[in-house]
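Throughout, the numbering used here is defined as the position within the sequence shown, counted from one, plus 1.
What follows is a short report on a single structure.
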Amino acid sequence: MTGQMTRSFARWVLFLFLWATPLAAYVRILGFGDVPSQRRDFLDIRYSLHELTAPGQRNAQDQVIITPASSPVAAIEAAMKSWSSIETSLIQFGSLRPTSETNYARDGTLLVSFADTPSNRSIVQGAVAVTLLFSNVRGELTDTDIVFNPTLTFSTTLENNTFDIQSVATHELGHALGLDHSGIVGATMFPVVARGSNALATLGADDIAFATDVYPNPVHSSLFAALTGTIRLTTGQGVRRALVTAIDPATNTLVGGITDESGNYRIGKVPPGRYFVYTEPLDGPTEIGNLGRAGNGANISFHTDFLGGRLTPQRITLLAGQTAQADIAVANGLPVLNIEGGAAARFPQPPGSFVGGVIEPADRYQVAIYGRGLDRPEIIEKSLSILGAGVELISGTLRRDRTRFSDGSEFPTLIFVVDTLETLPEGMVNVVLSTDSETVVFSGGLKVRRSVPQPSVSPGGVVSAASYLPRAVSPGEIISIFGETLGPESGAAGVNPLTGWPTTMASDVAVIVGGVPAPLFFVSGRQINAQLPFEMAGRPEAPVVVWHKQTASAPVIVSIADTNPGLFTYPSGAAIVVNQPAQTLNGPANPAPRGTIVTLYGTGPGLVNPPLQTGQLAGGDGSLSGTARGVSAVIGGVPATVAFTGMAPGFTGLWQLNVWIPAQIAPGPAVPISVNVAGTPTQPGVTISVQ
């Protein structure tokens, strides 16, 4: 097989002034004195996004930075949600805020920028993106700006020759939390990102273990084990900066770390299980140059080996709340074999970019691995094996080829076919290559994910949550979106229980309207309730895109109107009304007396005064936000006086009307009621009970 690939590394720059402390677990970012870095604001990390970040954004040479069909805000918020959704960790990212800042600066503002400026170009150079880290003398990260390379093209639709925004953002946020690159290919923190792939957008066990260990949720602290040990040469010397990986082949759980200068390591917060433990040099796929101080002085002159020996590897049992020790002795000398990259594609397609492969259950894949020494004649089919559950190598499929890259380098390549079982656990599996003299491992080279159906918004499926009328929606209105596979079938609330504000990401669901994240009240497989952003005011139309688990729906264009009033009702058509001053729900058993005030609830009156932010809870007392346009009401065919019309205090997008019941109307259990805002009426057929 011949092909070309360009490697793209996500880099960072360190400006750290730290005190000395022992090396901790995982591959963490180290400052001076080998001190691991971590955040002090991990309970509420607030990033700002340059305000001109939008689909279709171009650089100074008029080249596209963000493709027109993309949803960059949703992708970045989804990346933040990935880290915030780790139940065993207390990490929490707040919603993105707009900013006019374009360049990184040590100013305490956490910035995400795609802006094309000389400063940004200078810092990213050839990287896909860069995270610039600043810390105080205690080693606490105080500023962590993320700059995307403005000379590259990014998307959220996995278009050819583009980098996935969510994958890159998830990776860079890991750096912002204090995490260095991983030696596990399927981990989000692996240093190479492929074009047209979103593999890094899903956190692996290695990424999650870091978050759990460094920013633990105390409720879950006793659920994990720890693994410690020493990697030594057979001569007794400790191996400096050796990669250490543990894999439970029953669950496809991979967790890794790196040794200190004496060859000691500790990996905390490992899920309980029975693990193989092995060590390998930092010579590729992850190399010394991919790490910061964590890779300084790494010894790469030793052979990969397992606990118990490579020919008779032993599994070690890790129990919750306990620490196990795994010491490994390795042979000195430069390895002859090395797997430096690999890929997978559904059979019979040839694998593409060699940055690991994503596989799904119940399918067949063609796998390719390349690297030093893979053309040696002693390598036969029996030299290959899969370490992990649910993947079977198909006998008789091994063949040899060579892979050429755009930098002119060329490597021997092995190609073979595997079947995946329906029971394939999510996680990662290893490709292992053994000869009589050496063993090498492609750690986490096959990442297991279950496919997610593309969300589909029904034609005309974006309507007022109150009226369901097929007409234009309005800014600030509560809308309902109908379709298929929009979110979790069981449904989930989108309101933050601490603040009461609706979130812009719930259960891996986001809605983007005209490039702006919509606050979510409720998400499910067939219906989403959200607020149409106020930012849509003045636009004649806007695209609506639903995201579910990194998969975006096709855009649906909705018309925007100044107002789209609707009243919330029961299925019978009776309005949801509170009788004043008795504070009882209106109905045939509790009709409203004529000459009294009732409170109705709806949505869609348009802009309000004073204005509210998208998602904001309306204030009460002296900060009431009234409707900006004229409102009138008719009850039983008689004009009714509107005592108040504005947003309901303590709610988002909920319209409240206090209306007098005319004394001269005929009473009844179902008296017609209609409200009009600037010439647009509420839905027909709404009634109220009058005494």
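A virtual CB, placed ideally from N, CA and C, is assigned to each residue, including glycine.
Fair warning: this is a prediction, and the values are worked out from it, not measured in the lab.
Assumed close pair residue i, residue j - CB separation to whole angstroms, cut-off 8 Å
i    : j    : result
V432 : I380 : That belief does not hold up - the Cβ atoms of V432 and I380 are roughly 13 Å apart, past 8 Å.
L487 : I529 : 5 Å
G627 : N610 : 6 Å
Q204 : T189 : Correcting the residue identity first, residue 204 is Leu in this sequence and not Gln. That belief holds up - the Cβ atoms of L204 and T189 are roughly 5 Å apart, short of 8 Å.
Y216 : F443 : With 8 Å as the limit, Y216 and F443 do not qualify as a contact, their Cβ atoms being about 30 Å apart.
A679 : G631 : 6 Å
G495 : L618 : Not confirmed; about 14 Å, so no contact.
Spatial neighbours of residue i in its chain, beta-carbon cut-off 6 Å, leaving aside the 5 residues before and after
i    : result
A227 : G269, T324
T213 : T89, S90, K270
S690 : N587, G588, P589, P592, P670
S468 : G567, Q684
G686 : G574
T22  : Here T22 scores only 27 on pLDDT, less than 50, and its place in the model is too uncertain to base an answer on.
W548 : A75, A511
A26  : The predicted position of A26 is uncertain, since its pLDDT is 44 and thus under 50; a value taken from the coordinates is nonetheless stated next. Once the five neighbours on either side are set aside, the close Cβ partners of A26 are D214, G258, R267, I268, G269.
Bridge-paired residues (DSSP) for residue i
i    : result
Q532 : I479
R365 : D420
R107 : Its beta-bridge partners do not exist; DSSP assigns none.
L586 : V579
G620 : The partner list for G620 (beta bridge, DSSP) is empty, contrary to what the question assumes.
Y276 : I317
M648 : W656
L385 : L434
N610 : G627
L50  : P99, V113
D306 : T280
Cβ neighbour criterion (16 or more within 10 Å) applied to residue i
i    : result
V419 : buried
E411 : exposed
A664 : exposed
A61  : exposed
T7   : The pLDDT assigned to T7 is 29, lower than 50, so where the model puts this residue is not dependable, and the model offers no usable value.
P378 : exposed
L521 : buried
I558 : exposed
V692 : Reading off the sequence, residue 692 comes out as Gln, not Val. Counting Cβ neighbours within 10 Å, Q692 comes out exposed, since fewer than 16 surround it.
T318 : exposed
Q93  : buried
Q350 : exposed
Q64  : exposed
N199 : buried
R139 : exposed
G274 : buried
N121 : buried
G257 : buried
P282 : buried
S465 : buried
L24  : Only weak support is given to the placement of L24: the predicted model assigns it a pLDDT of 34, under 50, and the question is left unresolved by the model.
R714 : Residue 714 cannot be examined here, being either before or after the span of the chain that is shown, 2 to 692.
P694 : Because residue 694 is not part of the residues shown, which for the chain are 2 to 692, the question remains open.
N253 : buried
S85  : buried
G1   : Here the chain has residues from 2 to 692 only, and residue 1 is not among them.
D45  : exposed
P518 : buried
R347 : exposed
R59  : exposed
P612 : exposed
Same chain, Cβ closer than 7 Å to residue i, neighbours up to 5 away in sequence not counted
i    : result
A538 : P476, L608
G751 : Since the first residue of the chain shown is 2 and the last is 692, residue 751 is not available in this structure.
L601 : L568, A576, V578, L658, V660
R241 : T260, E262, G264, G298, A299, N300
L153 : V129, F164
heavy atom of the ligand ATP below 7 Å from residue i C-beta
i   : result
I67 : For the ligand ATP, the structure offers nothing, since it holds no ligand at all.
Same chain only: Cβ atoms within 8 Å of residue i, ignoring 5 sequence neighbours per side
i    : result
P69  : P56, G57
P362 : G391, T421, L422, E423, T424, L425, V449, R451
Q614 : F535
V672 : I636, G637, I666, T688, I689, S690, V691
Contact with chain C by residue i, beta-carbon distance below 8 Å
i    : result
Q692 : Chain labels in this structure do not include chain C; a single protein chain is all it has.
Sufficient close CB pairs (3 or more, under 8 Å) joining the stretch 140-152 to the stretch 103-111: The answer is yes - the stretch 103-111 touches the stretch 140-152, with three or more Cβ pairs under 8 Å.
Sufficient close CB pairs (3 or more, under 8 Å) joining the stretch 157-169 to the stretch 309-327: Taking a contact to require three or more Cβ pairs closer than 8 Å, the stretch 157-169 and the stretch 309-327 do not qualify as touching.
Cβ contact check for the stretch 447-462 and the stretch 286-304: 3 or more pairs under 8 Å: No, the stretch 447-462 does not touch the stretch 286-304.
contact_flag[the stretch 289-304, the stretch 246-258] where n(CB pairs < 8 Å) is 3 or more: No contact exists between the stretch 289-304 and the stretch 246-258.
The stretch 68-86 touching the stretch 179-188, judged by at least three CB pairs closer than 8 Å: With a cut-off of 8 Å, the stretch 179-188 and the stretch 68-86 do not count as touching, because too few Cβ pairs lie within range.
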